[in-house]
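For the sequence shown, full-length UniProt numbering assigns the number 1 to the initial residue and increments by one for each residue that follows.
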Amino acid sequence: MDLVKDGWFTELCTLWPGQAMSLQVEEVLYHQKSTFQDVMVFKSKTYGNVLVLDGVIQCTERDEFAYQEMIANLPLCSHPCPRKVLIIGGGDGGVLREVVKNPLVESVVLCEIDEDVINASKKFLPGMAKGFFNPKLTLHVGDGFEFMKQNQDAFDVIITDSSDPVGPAESLFKESYYQLMKTALRNGGILCSQGECQWLHLELIKEMQTFCKTLFPVVDYAYSTIPTYPSGQIGFMLCSKNPETNFKEPVKALAKEEIENMKLRYYNPEIHKASFVLPEFARKELSKERKELILKLVSGLLDGSLDTNMLPGEVAPLDLEEPLESRLEERAVYNRLSLPQRDRKAPCKNFFWKTFTSC
1 MDLVKDGWFT
11 ELCTLWPGQA
21 MSLQVEEVLY
31 HQKSTFQDVM
41 VFKSKTYGNV
51 LVLDGVIQCT
61 ERDEFAYQEM
71 IANLPLCSHP
81 CPRKVLIIGG
91 GDGGVLREVV
101 KNPLVESVVL
111 CEIDEDVINA
121 SKKFLPGMAK
131 GFFNPKLTLH
141 VGDGFEFMKQ
151 NQDAFDVIIT
161 DSSDPVGPAE
171 SLFKESYYQL
181 MKTALRNGGI
191 LCSQGECQWL
201 HLELIKEMQT
211 FCKTLFPVVD
221 YAYSTIPTYP
231 SGQIGFMLCS
241 KNPETNFKEP
251 VKALAKEEIE
261 NMKLRYYNPE
271 IHKASFVLPE
281 FARKELSKER
291 KELILKLVSG
301 LLDGSLDTNM
311 LPGEVAPLDL
321 EEPLESRLEE
331 RAVYNRLSLP
341 QRDRKAPCKN
351 FFWKTFTSC
């Protein structure tokens with residue numbers, strides 16, 4: 001595959017048909033076929049060194065921090081004590097670099113299947129790969145699925161830094177993968193995964209959000225802006241096993257001094273909160289999914305057809321002989337529907353109104 005023509009690299013992919021991203025190339029630094037994929041690094045005219053996997057830009061030295069800082073700090077600052085962290089993918093080292101900065105993190109396992117990506121990044125992306133030399137790290141070169149099967153109830157935070165859902169990476173966007181992450185998380189654990197672009201993949205985001213809400217009591221979606229990703233945006237799917245988690249309000253709000261010491265250039269407490277404010281078209285579409293889920297769950301609760309074993313959290317069994325209002329009590333309904341804390345405390349008589357108007 002000829003990725004560079006007339007001095008320009010052009011990214012073309014079936015996931016964003018009808019559009020392309022081009023960068024002017026000064027020099028191709030590395031280009032090899034690994035066991036798993038085509039790996040290329042080139043020096044660009046305006047974005048520094050660029051890592052490309054199977055023809056798709058993974059990161060550039062100029063703007064990578066906008067992605068790495070967000071996918072790391074959104075979950076870390078939402079967990080009260082993220083001691084043990086697992087990173088799936090992330091062979092360029094960028095997410096790892098950000099995770100090891102957090103003083104609460106005691107140990108990090110990075111599980112990357114393609115060692116060629118790690119080696120190329122160490123040589124040509126040293127500013128990103130510096131985390132590989134941190135003593136907190138345990139590096140595992142191998143399949144993330146198999147690793148999590150062998151390490152259940154082991155991590156406080158899991159971060160999946162995946163490529164786009166094409167080929168082998170497609171499995172990282174499926175319900176079975178999120179179920180596996182759930183079992184690898186400790187009680188109260190949090191995960192954050194690359195969540196694609198709301199301009200291009202809204203249906204996929206809705207699908208992911210739907211199955212995540214059958215697995216976790218708290219699910220949310222945030223995004224970051226980054227020039228060299230498709231349409232200039234990338235999203236993050238966040239899930240928590242703790243029903244009290246509120247992703248929109250960081251548990252640990254970094255002080256100005258901490259931000260300076262961590263050398264952060266994108267993430268701060270304000271951008272954390274703002275990243276969950278979606279444009280109206282995306283908010284409406286994702287709210288539709290939530291309303292459909294609520295209707296399905298309430299209908300199942302009322303007619304007794306709902307399989308409570310599929311619901312997140314520990315919930316009390318329902319007595320369908322009780323009056324309707326008794327059935328719509330906090331533990332039996334609000335916890336099942338994964339409502340925000342303010343809605344869980346609402347009077348039962350306002351249940352439907354508060355639920356739908358909060359969407």
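Don't be surprised by glycine CBs; every beta carbon is placed ideally from N, CA and C.
- Relative to Gly-91, the option among Val-141, Glu-27, Val-100 and Val-277 whose CA is nearest is Val-141.
- Shown here, Met-70 sits in a helix according to DSSP, grouped into three states.
- Assignment of Leu-12 by DSSP, reduced to helix, strand and coil, places it in the coil class.
- Rounded to the nearest whole angstrom, the C-alpha separation of Lys-174 and Leu-139 is 25 Å.
- Taking C-beta atoms under 8 Å as the contact rule, Tyr-266 and Met-70 qualify, at a distance of about 7 Å.
- The beta carbon of Glu-26 sits closer than 6 Å to the beta carbons of Lys-43 and Lys-45 from its chain, once the five residues preceding and following it are set aside; these are given in chain order.
- If you compare the alpha carbons of Asp-114, Lys-248 and Arg-97 with that of Val-218, the shortest gap goes to Lys-248.
- Taking 8 Å as the upper bound for CB-CB distance, Leu-200 and Ala-282 are not in contact here, some 11 Å apart.
- Contact fails between the segment 268-285 and the segment 91-109, because fewer than three Cβ pairs, one in each stretch, are under 8 Å apart.
- Around Leu-96, the same chain offers Ile-87, Gly-90, Val-108, Leu-110, Gly-131, Phe-132, Asn-134 and Leu-137 as residues with beta carbons nearer than 8 Å, after the five sequence neighbours per side are excluded.
- In the DSSP assignment, Asp-63 forms no beta bridge with any residue.
- Nearest neighbour of Thr-225 by Cα position, chosen from Ala-66, Gly-48 and Val-52, turns out to be Ala-66.
- Around the C-beta of Thr-183, fewer than 16 other C-beta atoms lie within 10 Å, and the residue is accordingly described as exposed.
- DSSP, reduced to helix, strand and coil, places Asn-187 within a strand of the structure shown.
- Of the candidates Leu-53, Asn-187 and Pro-17, the residue whose Cα lies closest to the Cα of Ser-34 is Leu-53.
- Among the bridge pairs identified by DSSP, Tyr-30 is matched with Val-41.
- Here the C-alpha atom of Asp-114 lies approximately 21 Å from the C-alpha atom of Tyr-178.
- Annotation for Asp-116: the continuous alpha helix (DSSP H) segment containing it runs 115-124.
- Scanning its chain for C-beta atoms nearer than 6 Å, with the 5 sequence neighbours on each side dropped, one finds around Glu-285 the residues Leu-202, in chain order.
- Remark: C-beta atoms of Gly-235 and Glu-280 do not approach each other more closely than 8 Å.
- For Ile-159, the CB contacts under 8 Å within the same chain, skipping 5 residues up- and downstream, are Ile-71, Ala-72, Pro-75, Val-85, Leu-86, Ile-87, Ile-88, Gly-90, Val-95, Val-99, Leu-191, Cys-192 and Ser-193 in chain order.
- Under DSSP, the beta-bridge partners assigned to His-140 are Cys-111.
- Here Asn-49 is buried. Its C-beta has 16 or more other C-beta atoms within 10 Å.
- Between the C-alpha atoms of Cys-212 and Val-105 there is a straight-line separation of about 26 Å.
- Burial of Asp-63 is indicated by the presence of at least 16 other C-beta atoms within 10 angstroms of its C-beta.
- CA-CA distance, Asp-116 to Val-28, rounds to 16 Å.
- Boundaries of the alpha helix (DSSP H) harbouring Met-208: 202-215, taken from the DSSP string.
- Spanning the alpha carbons of Met-148 and Phe-155 requires a straight line of approximately 10 Å.
- By the beta-carbon neighbour count (other beta carbons within 10 angstroms, threshold 16), Ala-120 is buried.
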